[in-house]
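Residue numbers (my numbering): 20 to 364.
Glycine included, each C-beta is placed from N, C-alpha and C at the ideal position.
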Amino acid sequence: MTLSQKTPATIFTGFLGAGKTTLIRHLLENAGNRRLALVINEFGDVGVDGDILRSCGVKNCPEENIIELANGCLCCSVADDFIPAIETLLTLKNPPDHILIETSGLALPKPLVKAFDWPSIRSKLTVDGVIAVVDAKSVVDGRFIDSIEESDDRQKDSFSIDHDNPLEEVFEDQLNCADLIILNKVDLISQQQKIDLDSEIRRRSRSDAILTQAEYGRIRPEIILGLSAAAEDDLLNRPSHHDLEDQHDHDDFDSFVIELGEISDPARLFEILKQTIKEYDLLRVKGFICVAQKPMRLLVQGVGARLDSHYDRPWKPEEIRKSQLVIIGLKGLDISAISRMILSS
């Protein structure tokens, strides 16, 4: 089967909170007549991103075209989770024209690209492109790398550096597998920071990677879809810190879920969340809040010190009204203390 006869798939990678789900939602709403399908993977027990994307109601991507794989990482569960999910989508009555794959924010993209070389799917699918979404503000703030000013004198070959920052390793692996890098949330940084960040990302990424900028994940579908990268045939040019490992694990990170009842004072909850994020250096907080006497569900998204919320949709009649938050941080989180602090709201 030629490349043009294979179903194209686009892999979306990017660290926790970079804006992958927002980007994909924008893509779904502006993809025209393309029949799309989604495979969504989350690092945690509660499928927040899948619920957000299912609520789009886009007719070209109905609910049966959305497969959610929670509490795991596709780069570690290719055979058990990813291959069956893809086979399910390809056997739909109206199979998709294009498959979008949103990886967990802690996933390494290269093992997933390797899966497209498996005999069971190689003849049917091709990796149209690997898209790395970068949270511009988090990079400028030094979350993943040294501040841009301090990193100017570092060697081009970052793989020669002995890392002690697991965030940096994941970040670099995501960049070095990408065909297109989207610097998202550039509205949160200055013009000079945009220039410096552009230069730094170009220095750290593959020479033939395309680099662009976006706000709120707003980017035209034709920029993302149709790259024809055939990434599965180009693995040698996509270096990874984990190339010599048989299996990648996530021992550097912890995740747990906090359940709350109805919240009468969301403002107080947000203040406590901000304090908790700061005190325990949490990487990601996201979930849904049930506000007392409100028919709408409150979506909460936290990245580092930034916390955003909005009412995303009404509660469904069959749903249990409850509040759930997914907490993600570096290994060694004091789960009991964090839980007590948040539950005090």
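Alpha-carbon spacing of residue i relative to residue j, whole angstroms
i: S157; j: K129; result: 23 Å
i: P258; j: A197; result: 11 Å
i: E234; j: Q193; result: 20 Å
i: R54; j: L47; result: 10 Å
i: A28; j: S142; result: 13 Å
i: S224; j: N256; result: 11 Å
i: K350; j: V322; result: 17 Å
i: N79; j: A356; result: 45 Å
i: K112; j: I85; result: 14 Å
i: A37; j: V153; result: 5 Å
i: L352; j: L186; result: 16 Å
i: L230; j: R359; result: 43 Å
Residue i, buried or exposed, once every other Cβ within 10 Å from all chains shown has been counted against 16
i: P336; result: exposed
i: A286; result: exposed
i: R237; result: exposed
i: G51; result: exposed
i: G280; result: exposed
i: D171; result: Its pLDDT being 48, under 50, D171 is placed unreliably in this model, and the value from its coordinates should be taken loosely. With fewer than 16 other Cβ atoms within 10 Å, it is exposed.
Span of the beta strand (DSSP E), counted from its first residue to its last, around residue i
i: K305; result: R303 to C309
i: D273; result: F272 to L279
i: F31; result: T26 to T32
i: Y330; result: R325 to P333
i: I86; result: I85 to L88
i: I121; result: The amino acid occupying residue 121 in the given sequence is Glu; Ile does not appear at that position. From DSSP, the beta strand (DSSP E) with E121 extends over H117 to E121.
Integer-rounded CB distance, given that residue j should sit under 8 Å from residue i
i: T32; j: T122; result: 5 Å
i: I59; j: V132; result: Their Cβ separation, rounded to whole angstroms, is 18 Å, which puts I59 and V132 out of contact at 8 Å.
i: I200; j: A228; result: 6 Å
i: L318; j: F307; result: 6 Å
i: F272; j: L125; result: 6 Å
i: F289; j: L244; result: With a Cβ gap of about 37 Å, F289 and L244 do not count as contacting.
Best match in the options for proximity to residue i [C-alpha to C-alpha]
i: M315; options: E290, S342 and T295; result: S342
i: I220; options: R325, D160, E191 and E87; result: E191
i: I242; options: T26, L42, F34 and K25; result: L42
i: D253; options: A134, L344 and T110; result: A134
First and last residue of the uninterrupted alpha helix (DSSP H) at residue i
i: I43; result: K39 to E48
i: P185; result: P185 to L194
i: E298; result: P285 to Y299
i: D215; result: Q210 to R223
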